[in-house]
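A short write-up of the structure that comes next.
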Amino acid sequence: MKKMTKIIAAVMALVLLVSITACGKSGLTLEDIKADGKLIVATNSEFPPFEYKDGDAVVGFDMDLCAYIAKEIGVTMEVLDIAFEDVIANIQSGSAHIGAAGMTVKPDRLQNVDFSDTYFKASQVIILKEDAAFTATSELKNMNIGVQDGTTGADYVRENIKEPMGFASGALAIEAMKAGQIDCVIIDNYPAIEFVKKNPGLKVYETPLTVEEYAIAIPKNSPELVEVINKVIKDLTANGEFDKLLEKYELK
Amino acid sequence: MIEINNLQKSFGKNNVLKGIDLKIEKGEVVVIIGPSGSGKSTLLRCLNLLEEPTGGEIIFEGTNITDKKANINLHRQKMGMVFQHFNLFPHYTVTENITLAPTKLKKIPKEEAIEKANELLEKVDLLDKAAAYPSSLSGGQKQRVAIVRALAMEPDVMLFDEPTSALDPEMVGEVLQVMKDLAKEGMTMVVVTHEMGFAKEVGTRVIFIDEGKILEENSPKEFFENPQNPRLQDFLSKVL
Amino acid sequence: MNINFLDFLGPMKDAIYLNFIKNDRYMYIVDGLINTLEITAVSVIIGVIIGIICAVIKVAGKRVYICKLLGYVVDLYTTIFRGVPVMVQYLIAFIGIMPLLGIRSSFVTAIFVFGINSGAYISENIRAGIEAVDHGQEEAGRSLGFTYGKTMFLIILPQAIKNILPALGNEFIALLKETSIAGYFAVIDLTKGARIIQSQTYDGIVPYFTIAGIYLVLVVILTQLLNIFERRLKKSDRN
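Chains as they are written, first to last, in my numbering: chain A, 1175 to 1426; chain B, 39 to 278; chain C, 68 to 306.
Written as structure tokens, this is what we have:
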């Protein structure tokens, strides 16, 4: 038993230590990124059209935006494609410089990362089977709601409707609905359009549940980086490049 | 008591017993000898159907036990068996080894079974080991406990399958002594062994088996002093 | 580096508040832990029941003809469920089999998948444990007049347990960790609980280290219990 107490104590100590070092970390400067020679962008390529795979390459609206940011800093860009929920952990740990994955600003999140200015308004919509009788969002509380884990939609449902059924990806949630395990899927509107395109027999309920804004996630205490990214977003909007990007990905 | 008619046993294409006829009367000590691979152990193991014969019949106390309808479990209770490798139950104490079958099968009250076990242990000089586990016993002690375990069911016949073959030489004597005492008390015994001394001294009849057949069957005196079959003569010349 | 103790206690406090206290977020960990333990325990129980049945069929297959035939079914079962990744089994069960059975509970699905899966492993453990018992033990039991069933129950199985128990404990421990797959399929297990907190606070460190600690503590406790149990068994059987 003595041995067990020791092991447990050691685990606790380790948790404490790692948490502490994580909290006390200083931010990222532009010099740090230049020293690395590239801007490492963490994302999850299962979120079309913001990020998705084209062959081996990860492309999409967010990736094009980050390419501009890298150019502004004067380095090349590298993509770190991981699970959506792990994007932030990788920024915190330093394995990526910024996160661009259609992420939404929320007060609780600000304790662990900073965000750029928002660059896109997205809404959460409901995907249903085509033959589903559904007339008002008030009916949701009597339904089995599927969501993608870690998304704003999941949090929205959890806080405002009921505990949702969370799946590892939007595609798995769609499969679950097709198999009759859940009644609907709540997800960002643009991926929703893609899913319905690819899966006949599904429809999107037009009225959005909630509207949210995407921003780029940046490590805490990195004022230079925030400044550069905000400048890029401002410049692109001013010179019309941003609108062209939206058109390129049919986001208008 | 036991009547064996044209007993045959084959493992696949290998015919181990090729028609054995043998009668064993109450109170006899029948010793079976023969070279290894001769089928002598198989014959013994057929007597309580640990090996299922492929032909012939065995009549035990008037019942044909090779008949599918016969309840072999009941007949086995009357046939004690002692193995070369003792096969004591390692998770039970000596007393539990001995009382397991009487209490579970004959529904004898536990106290009575323990009393009986102690009596028998006393006889084989192992009363002080009653509470021990088999792993703490020597080979000779294990075999004596195994004999007591079989005797506790009060069998009508005792089958011994090379009971001393796995023992260190200095322990053979103590086991043979127990068997001699048992024979003196009039127990019917069938013994497969390499101990020629035992056969001579205790056996009422000695049987020589080779290649699945009984080649010679005689009183010990005749058997050893005047062997008829050339293969027995050859065998005896090697072992004596 | 000069670290002042009070300096880092401050942010620690904040992190704990944010991740666990605020909005009762600790309940995700508590609920997740309960679900993980329930799924593991029920799955192992189902696995042991299936395992004993399959193992007895396999062992008895040598002497009972119908068991020999059933043995082929058991072989097919163990081969499939030990040969296909649990994740794939889960996907098939979730999308294909459960809808056919009309089951719409993610919790029941998890128990179904893990129970049947561990049954395949446990049956092999039990069979191996039974077969590792010296054949002479069976002969000794039968020669005393015990039936095959009683010989199994009184003589062979008590000895086999000693062989089976460590494997069973390891299966329980493996399953405890493996059940985190259920989180992909709408079950809030311990891992999923931490992921939900992480998605709300964007803190990728405190929640994960917390559950890592919980898993580790659970496994250490289980291992110790198993050791104690094994020692008890050995005490009565110093072989």
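Quick reminder that beta carbons are idealized off the backbone N, C-alpha and C, glycines included. Being a predicted model, the structure only gives us computed values, none of them experimental.
If you follow the beta strand (DSSP E) that Val244 (chain B) is in, where does it begin and where does it stop? 243-248
Does the beta-carbon of Lys125 (chain C), which I'm using as the reference point, lie nearer than 7 Å to any heavy atom of the ligand COA? No copy of the ligand COA occurs in the structure displayed, which carries no ligand at all.
One question on the structure: do Phe252 (chain C) and Phe1369 (chain A) come within less than 8 Å of each other, judged by their Cβ atoms? no
Inside the region 161-233 of chain B only - beta strand (DSSP E) runs reaching at least 3 residues: 195-199, 226-230
Alpha carbon of Thr218 (chain C) to alpha carbon of Tyr171 (chain B), nearest angstrom: 19 Å
Would you say Phe1341 (chain A) faces chain C, with C-beta separation under 8 Å as the test? yes
Taking buried to mean at least 16 other C-beta atoms within 10 Å of its own C-beta, is Ile124 (chain C) buried or exposed? buried
Are Glu206 (chain C) and Asn53 (chain B) closer than 8 Å when you measure CB to CB? no
Neighbour-count burial assignment, His202 (chain C), 16 or more Cβ in a 10 Å radius: Counting the other CB atoms within 10 Å of its CB gives His202 (chain C) a total below 16, which places it among the exposed residues.
Leu211 (chain C) beta carbon less than 8 Å from that of Met191 (chain B): yes
Evaluate the contact criterion for the region 1302-1322 of chain A versus the region 1388-1397 of chain A: three or more CB pairs, one atom per stretch, below 8 Å. Judged by Cβ distances under 8 Å, the region 1302-1322 of chain A makes no contact with the region 1388-1397 of chain A, as fewer than three pairs qualify.
Selected residue, minimal CA-CA separation from Ile35 (chain C), among C:Val97, C:Ile193, C:Ile255, C:Thr268: No statement about residue 35 (chain C) is possible, as the shown extent of chain C runs from 68 to 306 and does not include it.
Can you list the residues of chain C that Arg114 (chain B) reaches, using a CB-CB cut of under 9 Å? Arg209, Ser210, Leu211, Gly212, Phe213
Contacts of Ile162 (chain C) in chain A (Cβ-Cβ under 9 Å): Leu1346, Glu1349, Ala1350, Lys1352, Ala1353, Gln1355
Leaving out five residues before and five after Lys1295 (chain A) in sequence, what residues of the same chain have Cβ atoms less than 7 Å from its Cβ? Val1385, Glu1387
Since Arg83 (chain B) and Asp248 (chain B) should fall inside the 8 Å C-beta cutoff, what is the C-beta to C-beta distance between them, to a whole number of angstroms? Contact flag wrong, Cβ pair sits at about 18 Å.
Near Gly260 (chain C), what residues of its chain come up, given a Cβ to Cβ distance below 6 Å and the 5 sequence neighbours on each side ignored? Listed in chain order, the non-local C-beta contacts of Gly260 (chain C) below 6 Å within the same chain comprise Tyr95, Ile96, Gly99, local neighbours out to five positions each way being set aside.
From what residue to what residue does the alpha helix (DSSP H) around Asn135 (chain B) run? 132-143
Residues that DSSP places opposite Cys1358 (chain A) in a beta bridge: According to DSSP, which records beta bridges pairwise, Cys1358 (chain A) is partnered with A:Leu1302, A:Ile1319.
Check for me: the alpha helix (DSSP H) holding Met154 (chain C) runs from which residue to which? 153-159
Tell me whether the beta-carbon of Leu1204 (chain A) lies closer than 8 Å to the beta-carbon of Val1402 (chain A). yes
Around the C-beta of Glu150 (chain B), are 16 or more other C-beta atoms found within 10 angstroms, so that it is buried, or is it exposed? exposed
What are the partner residues of Met39 (chain B), as DSSP defines its beta bridges? According to DSSP, Met39 (chain B) bridges with nothing at all.
Below 7 Å on C-beta distance, what does Asn1286 (chain A) contact in chain C? Thr268, Tyr269, Asp270
Measure from the C-beta of Ala1328 (chain A) to each C-beta in chain C and report whether the shortest distance is under 8 Å. yes
Alpha helix (DSSP H) segment containing Leu224 (chain C), residue limits: Leu224 (chain C) -> alpha helix (DSSP H) spans 224-245.
From this set, A:Arg1283, A:Val1279, A:Leu1254, which residue's C-alpha is nearest Ser1269 (chain A)'s C-alpha? Out of A:Arg1283, A:Val1279, A:Leu1254, the CA that lies nearest to the CA of Ser1269 (chain A) is found in A:Leu1254.
Can you tell me whether Arg262 (chain C) is buried or exposed, with buried defined as 16 or more other CB within 10 angstroms of its CB? buried
Burial state of Arg149 (chain C), where buried means 16 or more other Cβ atoms lie within 10 Å: exposed
At a CB distance below 8 Å, what residues from the region 1263-1277 of chain A approach chain C? Give them in sequence order. Ala1263, Asn1264, Gln1266, Ser1267
Taking the continuous beta strand (DSSP E) assigned at Ile1367 (chain A), which residues delimit it? It is not in any beta strand (DSSP E) - Ile1367 (chain A) instead sits in the alpha helix (DSSP H) that spans 1363-1372.
Whose Cβ in chain B lies nearer than 7 Å to the Cβ of Ile222 (chain C)? What Ile222 (chain C) touches in chain B: Phe127.
Mind listing which residues of the region 224-239 of chain C have their C-beta closer than 7 Å to chain B's C-betas, in chain order? Within the region 224-239 of chain C, the residues whose Cβ lies closer than 7 Å to some Cβ of chain B are Pro225, Gln226, listed in chain order.
Please say whether Pro1223 (chain A) and Ser1297 (chain A) have beta carbons closer to each other than 8 Å? Ser1297 (chain A) places its beta carbon 8 Å or farther from that of Pro1223 (chain A).
Output, in chain order, the set of chain C residues within a Cβ distance shorter than 9 Å of Gly1201 (chain A). Result: empty, since nearest Cβ-Cβ is about 14 Å, beyond 9 Å.
Quick one, which of A:Ala1257, A:Pro1338, A:Ile1356 has its alpha-carbon nearest Ala1216 (chain A)'s? A:Ala1257
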